[in-house]
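So the structure is just underneath, and the comments pick up after that.
Spelled out as structure tokens, the structure:
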């Protein structure tokens, strides 16, 4: 748990410090410099340079901003939708519960990535999202990932909410005439904190991984804006010239997912 | 049991129908149709030609009518033509499915064997447990496309022992199978460890010890079969993500399987092929999940 939090804090801090590091090292991570291609690591370029002579460390840090922002945004949206749907299913029960959970089961049984690949290639304008531009790339991917990510949260929230709703303090609150919305918000929601936190932590890791896969396949964040996924896509083409280029972005993804999993495990163990 | 199978099969059919409808509509809503692409490919096409082609292929019909025509053709087994590969879609899906199943099957076997092996190590040798736990945590977090690239760099580029991609004999399978199985062995290792530790506490294990059975026989004959049921649950839950992993693995290692077919079709704007391949993959995945569920009930009749 501590290790996980420390890892995530470190990653977020380095992501926030990206412009600072840019200024300090005095390079622009977006500006090609063809005389400095494939420089080995040195004092001015701590991780060397890529195929266009851009500083690898700075691109890694700027990529962290993109990758983490997409991951966190997608995970928060997924948690919000999942909690609402899970709570609704557990609270209303009956046909609504059955319908929502069959839908969730159906979505969970499908292979997510082939579906995401097709959806990511579709025109975002059809469903009312802005076209083009790096920022809208991030929104598009976050929306897609949230559309698949809520299922896990909803199942976890529903299972916990069912057991909480059957507990005596909820019955007592209802017997005293507390309105249903207040029962849900004040009495049930606090009990859902731990499962929601676990689901969110896992969802952040899953979303970062999924974003990097889509960007790696060329369907996510489009270059020149760096993301860990599209940096790896570049690196795959350069395995002969710069084998080290493939190391760092993957390591960053690994540490992020590891941190999220550790935090989720830690919360689960504390309950 | 028959009722269960029938209701699950009906669920699969409904899911496939909804999936095909949503995907078809999303694709049809996109600006531009196959005739626009044909015009881009051959500028000599006049607008009369385009209108004639649209009428010939039914592209001037309303979307609902187009979906129904497409769906009934697919149900009759007429899968149409792939524009990208210039071949009937049906003749593309068969070999791709075989190639994917080969990769998936081997990766699943490797994941289960190493996973259960590691889990057993953790359960039976408590001193090895932290090591196995750490390994499982890292294996779960490794992005498989990164692992694939690293393996290519090490074994194909630097050492030159194995081919970097393509399809051929068993040598072409080693790196993809290893890449795909690593992400999945963690779940098996964790659950095998938990299930084995629980199984080792059962009274019938004590009985087996008392009658003088060797430790090996106890683990292999008496404890492991009991730990098998939860592993089948994992296998059932994992089927979808295993197929997702196959798409990445096939793309990195240039293996002509279903995942690469979907990816290539999407990249080449061949959405009829992409949609049909997606449907086949989805149905096969759901069938695999059903099989695992049935096997689980067969092994442990209490669940039924």
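Chains as they are written, first to last, in my numbering: chain A, 1 to 271; chain B, 272 to 575. Just so it is clear, CB atoms sit at the ideal spot from N, CA and C, and this is done for glycine as well. A quick note: this is a predicted structure, and the numbers were derived from the prediction, not measured.
Within 8 Å of any Cβ in chain A, is that where the Cβ of residue 290 of chain B sits?
Yes, contact with chain A.
Cβ-Cβ distance between residue 258 of chain A and residue 246 of chain A below 8 Å
When the beta-carbon positions are compared, residue 258 of chain A and residue 246 of chain A stay at least 8 Å from each other.
Write down every uninterrupted run of the beta strand (DSSP E) in the stretch 341-383 of chain B whose length is 3 residues or greater and which is fully enclosed by it, in chain order.
The stretch 341-383 of chain B contains no whole beta strand (DSSP E) run of 3 or more residues.
Please confirm if residue 534 of chain B has its CB atom under 8 Å from at least one CB of chain A.
So, interface residue.
Please look up how many angstroms separate the CB atoms of residue 459 of chain B and residue 519 of chain B, rounded, as I've assumed it's under 8 Å.
Actually they do not touch by this definition, with Cβ atoms about 19 Å apart.
Per DSSP, what are the beta-bridge partners of residue 49 of chain A in this structure?
According to DSSP, residue 49 of chain A shares a beta bridge with A:55.
Return the first residue and the last residue of the alpha helix (DSSP H) that residue 94 of chain A is part of.
If you look at residue 94 of chain A, you'll find it in the alpha helix (DSSP H) that goes 94-109.
Any chain A beta carbon closer than 8 Å to residue 273 of chain B
For residue 273 of chain B, the answer is no, since every Cβ of chain A falls outside 8 Å of its Cβ.
Quick one: which residues of the stretch 207-238 of chain A get their C-beta closer than 7 Å to a C-beta of chain B? List them in chain order.
Within the stretch 207-238 of chain A, the residues whose Cβ lies closer than 7 Å to some Cβ of chain B are 209, 212, 213, 216, 217, 232, 235 and 236, listed in chain order.
List in chain order: all unbroken alpha helix (DSSP H) runs of 4+ residues lying wholly within the stretch 162-235 of chain A.
For secondary structure counted as the alpha helix (DSSP H) over 4 or more consecutive residues, the stretch 162-235 of chain A holds these complete runs in sequence order: 168-175 and 193-216.
Spatial neighbours of residue 70 of chain A in its chain, beta-carbon cut-off 6 Å, leaving aside the 5 residues before and after:
These residues qualify, in order along the chain: 138, 141, 142 and 211.
Tell me which residue opens and which closes the alpha helix (DSSP H) that residue 485 of chain B is part of.
From DSSP, residue 485 of chain B is part of no alpha helix (DSSP H); its letter is neither H nor E.
Please decide whether residue 104 of chain A counts as near chain B, where near means a Cβ-Cβ distance under 8 Å.
It does not; no Cβ of chain B falls within 8 Å.
Could you pull out every residue in the same chain whose Cβ sits closer than 6 Å to the Cβ of residue 466 of chain B, ignoring the five residues on either side in sequence?
Correct list, in chain order: 498 and 501.
Roughly how many angstroms lie between the CA atoms of residue 320 of chain B and residue 311 of chain B, to the nearest whole one?
Taken atom to atom, the span from the alpha-carbon of residue 320 of chain B to that of residue 311 of chain B is near 13 Å.
Please classify residue 438 of chain B: does DSSP put it in a helix, a strand, or coil?
Reduced to three states, the DSSP call for residue 438 of chain B is coil.
Which term fits residue 521 of chain B, buried or exposed, when burial requires 16 or more other beta carbons within 10 angstroms of its beta carbon?
That one is buried.
Hey, is the stretch 108-119 of chain A in contact with the stretch 179-187 of chain A, meaning 3+ C-beta pairs nearer than 8 Å?
Using a C-beta cut-off of 8 Å, the stretch 108-119 of chain A makes no contact with the stretch 179-187 of chain A, since fewer than three inter-stretch Cβ pairs fall below that distance.
Any beta carbon from chain A within less than 8 Å of residue 452 of chain B's own beta carbon?
Not a single CB atom of chain A sits nearer than 8 Å to the CB of residue 452 of chain B.
Have a look at residue 334 of chain B and residue 546 of chain B and give me their C-alpha separation to the nearest angstrom.
Take the alpha-carbon of residue 334 of chain B and the one of residue 546 of chain B: they are about 16 Å apart.
Beta-carbon within less than 6 Å of residue 160 of chain A's beta-carbon, same chain only, minus the 5 sequence neighbours each way: which residues are those?
Hits under 6 Å: 192 and 195.
Residue 517 of chain B burial status per 10 Å Cβ neighbour count (16 or more: buried):
Residue 517 of chain B should be labelled buried.
Residue 177 of chain A, buried or exposed, once every other Cβ within 10 Å from all chains shown has been counted against 16
Result: exposed.
Distance between residue 156 of chain A and residue 81 of chain A (C-alpha atoms, nearest Å):
C-alpha separation (whole angstroms): 13 Å.
Near residue 279 of chain B, what residues of its chain come up, given a Cβ to Cβ distance below 7 Å and the 5 sequence neighbours on each side ignored?
561.
Restricting to Cα atoms, I'd like to know which of A:85, A:171, A:163 and A:206 is closest to residue 67 of chain A.
Out of A:85, A:171, A:163 and A:206, A:206 has the C-alpha closest to the C-alpha of residue 67 of chain A.
Report the three-state DSSP secondary structure of residue 17 of chain A (helix, strand or coil).
Taken through DSSP and simplified to helix, strand or coil, residue 17 of chain A comes out as coil.
Quick check on residue 432 of chain B - is its C-beta less than 8 Å from some C-beta in chain A?
No, because no Cβ of chain A sits closer than 8 Å to the Cβ of residue 432 of chain B.
Can you have a look at residue 482 of chain B and say buried or exposed, based on whether 16 or more other CB atoms are within 10 angstroms of its CB?
Under the 10 Å beta carbon count, residue 482 of chain B is surrounded by fewer than 16 other beta carbons and is classified as exposed.
Residue 253 of chain A versus chain B: which residues are under 7 Å apart at the beta carbon?
Going along chain B in sequence order, the residues near residue 253 of chain A (Cβ under 7 Å) are 414 and 417.
Given 8 Å, three or more beta-carbon pairs between the stretch 337-349 of chain B and the stretch 282-299 of chain B:
Because the criterion of three Cβ pairs below 8 Å is met, the stretch 337-349 of chain B and the stretch 282-299 of chain B touch.
Is residue 478 of chain B close to chain A? Criterion is C-beta to C-beta, closer than 8 Å.
No, no contact with chain A.
Distance check for residue 573 of chain B and residue 474 of chain B, CA to CA, integer angstroms please.
Spanning the alpha carbons of residue 474 of chain B and residue 573 of chain B requires a straight line of approximately 19 Å.
Can you list the residues of chain B that residue 339 of chain A reaches, using a CB-CB cut of under 7 Å?
Absent from the structure is residue 339 of chain A, since the part of chain A shown begins at 1 and ends at 271.
Would you call the stretch 443-461 of chain B and the stretch 376-395 of chain B touching, i.e. three or more CB-CB distances under 8 Å?
Taking 8 Å as the limit for Cβ pairs, the verdict is that the stretch 376-395 of chain B does touch the stretch 443-461 of chain B.
Considering just the uninterrupted stretch of the alpha helix (DSSP H) at residue 258 of chain A, what are its terminal residues?
247-270 is the extent of the alpha helix (DSSP H) around residue 258 of chain A.
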